[in-house]
Amino acid sequence: MVFNEGIHIDEVPSDYLSHKEKYELAVKKACMLFKMMRRLQEEDNAGMENYRALLGGNLGSAILGDGSPLTLHYVMFIPTLMGQATVEQQAYWIGRAFNLSIIGTYAQTELGHGTFIRGLETTATYDAATKQFVLHSPTLTAYKWWPGGLAHTANYCVVMAQLYTQGKCHGIHPFIVQLRDEETHMPLPGIKVGEIGAKLGMNGTNNGFLGFENVRIPREHMLMKNSKVLEDGTYVKAPSSKLTYGTMMFVRVMLVHDVCNYMAKAVTIATRYSAVRRQSQLRPNEPEPQILEYVTQQHKLLIGISSVHAFRLCAAWLWDMYNNVTAELETGDMERLPESCCCRLLGQLNVDIAYNSFHEYIAYLGRPSDRRSVGRPRYRWIDEVDKDLRELQVLNWVGTALDRRKWRLLLSKTEAHFGYLVKAWRTSAHALPPTVRYVGEARAPRRSPPWDSSLRGVISGFHTLAAGKIGLCVSQIEKRQASGMSYEDAWNMTSVQLTAASEAHCRAIILSSYYTETEKISRDVSAPLRLVLTQLVELYVVYWALQCVGDLLRFTSISERNIEELQNWYEDLLVKLRPNAVGLVDAFDIRDEILHSALGAYDGRAYERLMEEAMKSPLNKEPVNQSFHKYLKPFMQGKL
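Okay, so the sequence shown: first residue is 1 according to full-length UniProt numbering, each after it adds one.
Right under this line is the structure:
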């Protein structure tokens with residue numbers, strides 16, 4: 001139905017548009033799209049499902065391939081209002097936001113501060129005489145930087161700022177700030193707003209910067225569901241500062257779902273093209289086989305397919321778990337608050353792992369070490385997959401930026417995340433929630449259990465590995481403190497190991513949740529499908545066991561013979577799954593209009609579509625380009 005509207009059709013491919021044209025086209029499409037969604041919602045009362053399809057699904061990326069300037073309005077602005085605003089504030093703001101009477105965004109990251117939230121410089125100082133907050137950016141590094149839709153689209157914004165009242169700082173709190181006049185869209189006095197410039201991709205997202213020069217807002221514009229400032233300036237503290245970060249958990253789960261969609265697209269293109277492309281010879285005097293017949297190619301493709309399932313199921317599991325804990329918090333039950341914090345951090349670390357996996361996977365698919373990987377049209381195919389990579393630029397996850405941000409996030413989040421793991425290490429197992437119970441159990445003094453080569457046993461080995469790394473870090477910190485080093489310095493010196501331990505914990509969670517969630521799903525499916533789903537889980541678990549052989553040798557009782565068995569198991573799984581490879585990516589059900597790939601279309605007409613795409617280049621609109629007559633011909637005749 002959506003594609004019947006024709007919104008996804010571009011007269012000129014966006015690759016040939018200017019930066020300004022890409023943004024203006026994105027605004028046009030976004031308005032048309034949400035107008036249509038509003039009509040569909042009124043007709044079939046589908047509720048938020050339509051919006052989820054646009055914002056967190058493949059549909060939106062197909063229509064707005066270079067990003068939507070309205071994404072943060074729905075993904076960050078409205079969820080923050082729902083999670084942080086009082087009932088009265090929600091009654092006033094959310095209706096206007098859902099109807100797009102106002103357009104909002106969410107500004108937290110600053111030019112000089114990102115993941116270290118306590119270091120944000122933007123201030124919101126309460127003036128009891130006028131019952132207003134005064135927002136100010138004291139330095140250039142205090143300018144908000146990167147929020148989507150901020151530059152020229154949004155007229156309101158949730159701003160995270162340091163709250164000052166009665167001469168005291170109370171830390172980061174959310175405020176809703178009007179940025180532009182609702183009629184003229186001109187920036188209001190004291191608002192310094194604009195775009196951060198062209199990026200590698202996602203240039204329709206309209207990422208912006210924002211600074212304040214003593215901008216005054218009403219007291220009621222502080223979101224006060226948790227903490228409050230009374231009229232006289234008295235500060236009423238929330239039961240926990242952790243309650244402020246619920247929106248970020250929602251966004252992190254959305255990000256994991258997004259990266260699953262990107263990876264599903266990439267592996268669909270690669271698998272379908274691998275079934276079309278023929279290259280070299282496996283055996284003398286035989287026709288060229290599909291490159292899908294090469295085990296090295298199966299290795300590349302099938303682990304990508306299983307990764308999509310693993311991250312999707314883990315994200316859903318994490319979201320359900322977080323919602324259960326949050327529901328308890330809403331009733332005033334704070335017992336599982338530390339686990340709520342751990343869920344949030346686990347969500348961030350899972351985003352790190354998921355995006356890093358995608359980044360490495362795309363690089364791996366196009367790695368020239370195997371000349372059979374994609375065949376002759378490699379560069380065109382990699383360019384198509386790179387479109388997905390460019391879409392990730394809005395999240396600051398591309399190339400070296402991805403690795404730099406990953407480590408910055410891990411180092412800044414590790415302290416809180418690992419602090420929870422340390423507490424688990426020092427707590428009796430029976431008193432711990434299921435996610436970290438293995439940590440408490442591993443502390444019991446006993447020899448490593450014999451290696452279990454079953455699927456459950458391998459997953460248990462990852463729990464042993466993670467617990468071993470956690471225990472080693474605790475021991476290292478304690479030794480360094482005993483030698484006279486301060487706790488902070490001991491922590492910093494151990495930070496590389498802390499990061500590895502946190503990632504090991506998350507890897508164990510991903511593997512175990514993939515296994516348990518697949519088991520639940522498999523109860524209601526046919527036996528052949530159950531077999532394939534189980535094989536995918538086995539493939540993913542064994543793959544990571546082989547990737548982490550060094551750590552498993554260090555922390556478990558795995559032997560060289562066990563490793564050889566794992567390698568044989570993995571290669572057997574590749575052979576068993578090979579006949580289902582195309583069917584497995586078809587099961588992702590990504591329409592051609594969404595996939596937008598010449599080489600990965602459902603009908604397999606890769607070469608015909610490749611030529612059709614090539615003919616869309618503006619340079620092919622005329623047989624002789626004007627530059628020939630202006631420059632080349634005079635130069636060739638010695639007249640230039």
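Just so it is clear, CB atoms sit at the ideal spot from N, CA and C, and this is done for glycine as well.
Could you have a look at residue i and say whether DSSP puts it in helix, strand or coil?
i: isoleucine 102; result: coil
i: glycine 148; result: coil
i: tyrosine 235; result: strand
i: tyrosine 294; result: coil
i: histidine 629; result: helix
i: glycine 471; result: helix
i: glutamate 564; result: helix
i: aspartate 127; result: strand
i: methionine 222; result: strand
i: alanine 198; result: coil
Please say whether residue j and residue i have beta carbons closer to each other than 8 Å?
i: residue 641; j: glycine 204; result: Outside the displayed span of the chain (1 to 640) sits residue 641, for which this structure offers no information.
i: histidine 152; j: methionine 222; result: no
i: tyrosine 540; j: tyrosine 570; result: no
i: residue 658; j: cysteine 548; result: In the structure as shown, the chain begins at 1 and stops at 640. Residue 658 is therefore absent and cannot be evaluated.
i: phenylalanine 34; j: leucine 64; result: no
i: proline 449; j: serine 557; result: yes
i: alanine 442; j: glycine 471; result: yes
i: tyrosine 156; j: isoleucine 196; result: no
i: methionine 202; j: aspartate 66; result: yes
i: glutamate 231; j: lysine 168; result: no
i: alanine 198; j: valine 256; result: no
i: asparagine 562; j: serine 475; result: no
i: leucine 577; j: leucine 302; result: yes
i: residue 641; j: threonine 268; result: The structure shown does not extend to residue 641, since the chain is modelled only from 1 through 640, so no value can be given for it.
Roughly how many whole angstroms lie between the Cα atoms of residue i and residue j?
i: alanine 429; j: leucine 313; result: 26 Å
i: proline 623; j: leucine 25; result: 29 Å
i: threonine 141; j: alanine 107; result: 14 Å
i: methionine 186; j: phenylalanine 212; result: 15 Å
i: leucine 455; j: leucine 536; result: 12 Å
i: valine 436; j: alanine 424; result: 7 Å
i: lysine 228; j: lysine 237; result: 7 Å
i: alanine 598; j: glutamate 608; result: 8 Å
i: lysine 192; j: tyrosine 262; result: 35 Å
i: leucine 163; j: glycine 171; result: 6 Å
i: alanine 431; j: glycine 440; result: 9 Å
i: leucine 200; j: serine 14; result: 13 Å
i: lysine 469; j: phenylalanine 462; result: 11 Å
i: glutamate 121; j: threonine 139; result: 8 Å
i: glutamate 593; j: aspartate 489; result: 54 Å
i: serine 486; j: leucine 552; result: 32 Å
i: leucine 282; j: tyrosine 23; result: 49 Å
i: tyrosine 438; j: isoleucine 509; result: 11 Å
i: arginine 32; j: asparagine 226; result: The question names arginine, yet the displayed sequence has methionine at residue 32. Answer to the nearest angstrom: the Cα atoms are 37 Å apart.
i: histidine 8; j: cysteine 260; result: 22 Å
i: methionine 37; j: valine 158; result: 25 Å
i: tyrosine 16; j: methionine 615; result: 13 Å
i: valine 27; j: arginine 530; result: 44 Å
i: alanine 85; j: methionine 224; result: 6 Å
i: alanine 30; j: glycine 149; result: 12 Å
i: phenylalanine 635; j: asparagine 625; result: 15 Å
Whose C-beta lies closer than 6 Å to the C-beta of residue i among residues of the same chain, with five residues either side of it excluded?
i: phenylalanine 133; result: Ala124, Tyr126, Ile217
i: proline 368; result: Note that proline 368 scores 43 on pLDDT, short of 50, meaning its location in the model is unreliable; the coordinates nonetheless yield the value given after this. There are no such residues.
i: cysteine 473; result: Thr494, Gln497, Leu498, Ala501
i: phenylalanine 418; result: Leu498, Ser502
i: valine 458; result: Val541, Ala545
i: glycine 114; result: none
Grab me the residues of residue i's own chain with a C-beta within less than 7 Å of its C-beta, minus the 5 sequence neighbours each way, in chain order.
i: tyrosine 143; result: Glu110, Leu111, Ser137, Phe209, Leu210, Gly211
i: glycine 190; result: Phe212, Glu213, Asn214, Val215
i: proline 147; result: Leu72, Thr105, Tyr106, Ala107, Asn207, Gly208
i: arginine 94; result: One detail in the question is off: residue 94 reads as isoleucine in this sequence, not arginine. If we look at isoleucine 94 and ignore the five residues flanking it on each side, its Cβ neighbours are Ile78, Leu81, Met82.
i: arginine 426; result: none
i: leucine 566; result: Val542, Ala545, Leu546
i: aspartate 388; result: Since pLDDT at aspartate 388 reaches only 39, below the 50 mark, its modelled position is unreliable, and the value read off the structure follows with that caveat. Answer for aspartate 388: Tyr262, Lys265, Ala266, listed in chain order.
Do we get a CB-CB distance below 8 Å when we pair residue i with the residues of chain B?
i: leucine 200; result: Among the protein chains of the structure shown there is no chain B, as only one such chain exists.
Kindly list the residues whose CB is nearer than 8 Å to the CB of residue i, restricted to its own chain and excluding five residues on each side of it in sequence; keep chain order.
i: glycine 638; result: none
i: glutamate 612; result: Ala598
i: threonine 184; result: none
i: residue 690; result: This structure cannot speak to residue 690, because the chain is shown only from 1 to 640.
The region 292-312 touching the region 506-515, judged by at least three CB pairs closer than 8 Å: Contact between the region 292-312 and the region 506-515 is present, because at least three Cβ pairs lie under 8 Å.
Contact the region 590-610 vs the region 271-282: 3+ CB pairs below 8 Å: Yes: the two stretches touch, three or more of their Cβ pairs being nearer than 8 Å.
Stretch-stretch touch, CB-based, cutoff 8 Å, three pairs: the region 297-305 with the region 564-584: yes
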